[in-house]
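Residue numbers (full-length UniProt numbering): 1 to 739.
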């Protein structure tokens, strides 16, 4: 087989991209708007298929993007990188402008767009409203009914009305008026029946039409107007509110008390969707085992398209008791934070209760009930100041008052476990103190480790400890601004460099003394390995030439001392240490077959290593097929065809001279490749067009063609394209081309 070479200057063959959009699939029509805007109309549910036809060499990269239908909508980037954009079941929200962008690095990118208009027609809905005028001097009485017809559509819908089989037109009946409300842009049509007459009680039909565009049929809805037509009314056969215990089954019953035609009933929840376990049966809603998350307002809505929907609501309250806490307040008239004989001390208990009005407290000392007296004063704090709080004031503390005080929180409705809180008052009851162990600050750790910050708390009782950032207003690792700890330890899993800083631990008033908070600081230092660039770089170069590789540190902690090592595979090439510079280089003065491979530069500190990797190879770049060949296909005999395959070589001078190409070809759908080598004589220049004729191709089969350059290093990168037989009139050759 002979290879034909055609030589072109680089600038003569390389060409910037051009773009053209063509359409296929079930489109209604395509029309030209004004000067350049193309509009492609399609019926909802059909298949949209747009193809971007491009020219240019090297072969341009193609990208499809879309913007929404109006300028106010945010940009939607649903990129497709194929020539063909296909949406098999297009929906109305997918209408808008579609852009095809092609670029190959030469000149400006080529961009074309087409607007896709999705046509649809929803079922129309008729709603009925009436106005009853006031009686004036006992002789004037008006009852007017409005039938409103609405249908969502694109393009705008046209409406027509019928009474029975009679078509109603504006002006055809003095008792009938047909009009569009202001500002509705044609999507609504109202039929007004003035001062109802006996003949107005009839069956009315609204027909919505988009004039059969895209073969969308007309749609019709009917409504029977009678002297019994009325808007819905309902009632709930339940209390409001409903207070239940967790785990109980609850049933809400909603019944209609009026409305013609019969209303439909639905249940909704103010906080969002109904619980997953909800069972609906008409107007009855059942929750088999209710939880606190199911609490909220539930509404029954009745609708029959007459007047306004009816709505009745009830509030479900699920009993709960949680977060039991206490605090001890020393005598407020003395600055001393300690409890002392002869002074006042107050014990406060707090819980979160639902519903709050059912909350009751009882007090015990050493297991025996306590009642309010002159020296033991039991009060409940104003709910607006501190909800769910009870206080026991001990006046003139005596030795005999030492002991264990218990407050018990209960709900009157029962069914919920009580919360019991024990508070010990004794000579050893002292306010808290906070310290940080010497070896626990500063605390040095490595990124990714698990670390525990510790504050030691003394005192009796030991309060809850609150952790927060002291150096900046940022959230804690769990996302909250403060984190509670019962043992003074803050545990951080998978610590990151952003967590470096100063942390504050402080006592809270809960489960301890209600005094000025004690606090301490802990310094956390997070070490992390060097971040370097480039993390990976491929270098292509021919034998006998030199290359220089550079690895640079972007950030690291600690920043000193940094060491580096260069390796080729497992072979150590060089080591060293950074002084003030932030990069290191390695040079290969003359590449040989043994010096190809992966070079790794490891930059190391106490926390680990960052790595720059360089793949040094002599592989040739991939060929670039030329897709813009004029009339590339011709026919030798009736059953076979030939194809003129053309390509250029990407960056031919980057590596050693290309000695040959390995050509592979296989019929589409087959597994086996047929291969042969095409010898290249001399150097290939950048931009040279190489032509090779493929013969004996069977009509009408398509073929995959694979092309691989070969240098003395070995095989380079391959590229693949598909050639297809075209049924168009092709060039008939009397000669046999053997390739």
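Glycine included, C-beta positions come from ideal geometry on N, C-alpha and C. These numbers were taken from a predicted model, which means no experiment stands behind them.
Quiz prompt | Buried versus exposed call for residue 649 [16 or more other C-beta atoms within 10 Å across all chains shown] | solution = It counts as buried.
Self-check item: Spatially closest choice to residue 635 from 726, 558, 257, 657, by CA coordinates
Solution: Checking every option, the nearest Cα to that of residue 635 belongs to 726.
Quiz item: Exposed or buried, which one is residue 740 when buried takes at least 16 other CB atoms within 10 Å?
Solution: This structure cannot speak to residue 740, because the chain is shown only from 1 to 739.
Practice problem: Verify whether the separation of the beta carbon atoms of residue 87 and residue 99 is less than 7 Å. | Solution: No, they are not a contact pair.
Quiz item: So is residue 702 buried or exposed if we call it buried at 16+ other beta carbons inside 10 Å?
Solution: Its Cβ having fewer than 16 others within 10 Å, residue 702 is exposed.
Self-check item: Alpha carbon of residue 673 to alpha carbon of residue 665, nearest angstrom
Solution: CA-to-CA, the gap between residue 673 and residue 665 works out to about 5 Å.
Self-check item: Classification of residue 354 by the beta-carbon crowding that lies within 10 angstroms, buried from 16 upward
Solution: That one is buried.
Quiz prompt | Burial state of residue 741 (16 or more Cβ within 10 Å) | solution = No statement about residue 741 is possible, as the shown extent of the chain runs from 1 to 739 and does not include it.
Quiz item: From residue 128 to residue 147, what distance separates their C-alpha atoms?
Solution: C-alpha separation (whole angstroms): 5 Å.
Quiz item: Near residue 715, what residues of its chain come up, given a Cβ to Cβ distance below 6 Å and the 5 sequence neighbours on each side ignored?
Solution: Cβ contact annotation for residue 715 (same chain, cutoff 6 Å, sequence separation greater than five): 708, in chain order.
Quiz prompt | residue 106 - containing alpha helix (DSSP H), residue span | solution = Neither: residue 106 is in no alpha helix (DSSP H) and is coded neither H nor E.
Quiz item: Among 595, 314, 587, 536, which has the Cα closest to the Cα of residue 543?
Solution: Here the closest residue by C-alpha is 595.
Exercise. Mind checking who residue 564 pairs with in its DSSP beta bridge?
Key: Partner(s): 576, 603.
Quiz item: So, helix, strand or coil for residue 151, using DSSP?
Solution: Here residue 151 sits in coil by DSSP.
Quiz item: Which residue or residues does DSSP assign as beta-bridge partners of residue 305?
Solution: Bridge partners of residue 305: none, in fact.
Self-check item: Own chain residues within Cβ distance below 6 Å of residue 366, not counting five before or after
Solution: These residues qualify, in order along the chain: 403, 404.
Exercise. At 4 residues or longer, and completely inside the region 688–722: list those alpha helix (DSSP H) runs for me, N to C.
Key: The DSSP assignment places no complete run of the alpha helix (DSSP H) inside the region 688–722 (cut-off: 4 residues).
Quiz item: Out of curiosity, what's the CA-to-CA distance linking residue 117 and residue 82?
Solution: Computed Cα separation, rounded: 22 Å.
Exercise. Under the assumption that residue 250 contacts residue 301 (Cβ atoms under 8 Å), give the Cβ distance between them as a whole number of angstroms.
Key: Going by Cβ atoms, the distance from residue 250 to residue 301 rounds to 19 Å, so no, they are not a contact pair.
Self-check item: Continuous beta strand (DSSP E) stretch holding residue 265: start and end
Solution: DSSP places residue 265 in the uninterrupted beta strand (DSSP E) bounded by 264–269.
Quiz prompt | For residue 673, the residue or residues it bridges with in DSSP | solution = Its beta-bridge partners do not exist; DSSP assigns none.
Quiz item: Hey, is the region 336–344 in contact with the region 372–388, meaning 3+ C-beta pairs nearer than 8 Å?
Solution: The region 336–344 vs the region 372–388: no contact.
Quiz item: Among all the DSSP beta bridges, which residues are the ones paired with residue 284?
Solution: Under DSSP, residue 284 shares a beta bridge with 253, 281.
Quiz item: Taking just the CA atoms, how far does residue 45 sit from residue 201?
Solution: Residue 45 has its alpha-carbon roughly 39 Å from the corresponding atom of residue 201.
Quiz item: Is it right to say residue 34 is buried, meaning 16 or more other beta carbons lie within 10 angstroms of its own, or is it exposed?
Solution: Because the pLDDT at residue 34 is just 43, under 50, the model does not fix this residue reliably, and the point stays unresolved.
Quiz item: In angstroms, rounded to a whole number, what distance separates the CA positions of residue 483 and residue 467?
Solution: In this model, residue 483 and residue 467 are separated by some 5 Å (Cα to Cα).
Quiz item: How big is the Cα-Cα spacing for residue 640 and residue 668?
Solution: Going by the C-alpha atoms only, they are around 16 Å apart.
Quiz prompt | One or two residues paired with residue 641 in a DSSP bridge | solution = DSSP links residue 641 through a beta bridge to 697.
Self-check item: Rounded straight-line distance, which links the Cα of residue 566 to that of residue 585
Solution: Cα-Cα distance, rounded: 9 Å.
Quiz item: Is residue 642 buried or exposed, if buried means 16 or more other CB atoms sit within 10 Å of its CB?
Solution: In summary, residue 642 is buried, with 16 or more beta-carbon neighbours lying within 10 Å of its beta-carbon over all protein chains present.
Practice problem: Please go through the same chain and pick out, in chain order, the residues whose beta-carbon is closer than 7 Å to the beta-carbon of residue 323, but skip the five residues on each side of it. | Solution: Excluding five sequence positions before and after residue 323, the CB atoms of its chain that fall closer than 7 Å to its own CB belong to 351, 352, given in chain order.
Quiz item: Bridge partners of residue 745, per DSSP?
Solution: It is not possible to answer for residue 745, since the shown part of the chain is limited to 1 through 739.
Quiz prompt | Helix, strand or coil at residue 227 [DSSP, three-state] | solution = Here residue 227 carries a coil assignment [DSSP, helix/strand/coil].
Quiz item: In chain order, what residues of the same chain have a beta carbon less than 8 Å from the beta carbon of residue 228, not counting five sequence neighbours either side?
Solution: Apart from sequence neighbours up to five positions away, the residues of its chain that approach residue 228 with a beta-carbon distance below 8 Å are 260, ordered along the chain.
Practice problem: Have a look at 427, 625, 513, 205 and flag the residue whose alpha-carbon is nearest the alpha-carbon of residue 218. | Solution: For residue 218, the closest C-alpha among the options 427, 625, 513, 205 is that of 205.
Self-check item: DSSP-derived helix/strand/coil call for residue 724
Solution: The three-state reading of DSSP puts residue 724 in coil, since its state is none of H, G, I, E or B.
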